[in-house]
Amino acid sequence: MSPNQPATADSGYITDPAPLENTYTSDSSLQRALEWYLPSTTLQAARPHFTQLGAEAISERVREWSGDAERNVPYVKSHNVWGKRYDYDRLVTTEGWKQLGQWGARNKYDLEANSKVYEAAR
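Just so we're aligned, residue 1 is where the sequence shown starts under full-length UniProt numbering, counting upward by one.
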């Protein structure tokens, strides 16, 4: 491309984003905050779970769900196609929202299921 040509979607400078990193292992501020607020034995017990959660958060599967959730904003449906109001409002969400909710619930459950490990470490 010559210097006199404008950039287009297919030519010119194309940004290549860096690969995502595990947020838990790559965020030094998060590491310092956890070290400050959690007892060391509790943090040691929780570290494998946080590492796994950070790895799952950047997985292709979770990124697809996030993309779907960002493209398709949830909305409330209160009337049917003929204008009659439903007995209750319906929250309409896409599969990405549903899967992210289930993923979050599973991870919260895992942490609660292991709370005895964390408590014993205190």
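No residue lacks a Cβ here, since even glycine has one placed at the ideal position from N, Cα and C.
Own chain residues within Cβ distance below 8 Å of residue i, not counting five before or after
i           : result
residue 95  : 65 and 68
residue 78  : 85, 86, 89 and 90
residue 103 : 56, 62 and 65
residue 30  : 23 and 24
residue 80  : 86
Residues bridged to residue i (per DSSP)
i           : result
residue 127 : The chain is shown from 1 up to 122; residue 127 falls before or after that span and cannot be answered.
residue 85  : 79
Below-7 Å beta-carbon distance, residue i vs any chain B residue
i          : result
residue 48 : Considering every chain present, this structure includes no chain B. It has just one protein chain.
Short Cβ contact (7 Å threshold) for residue i with residue j
i          : j          : result
residue 75 : residue 92 : yes
residue 53 : residue 4  : no
Own chain, CB closer than 6 Å to residue i, minus 5 neighbours either side, in chain order
i          : result
residue 99 : 65
residue 20 : 58
residue 50 : 24
residue 15 : none
Cutoff 7 Å; reference residue i; Cβ partners in own chain excluding five residues on either side
i          : result
residue 97 : 69 and 74
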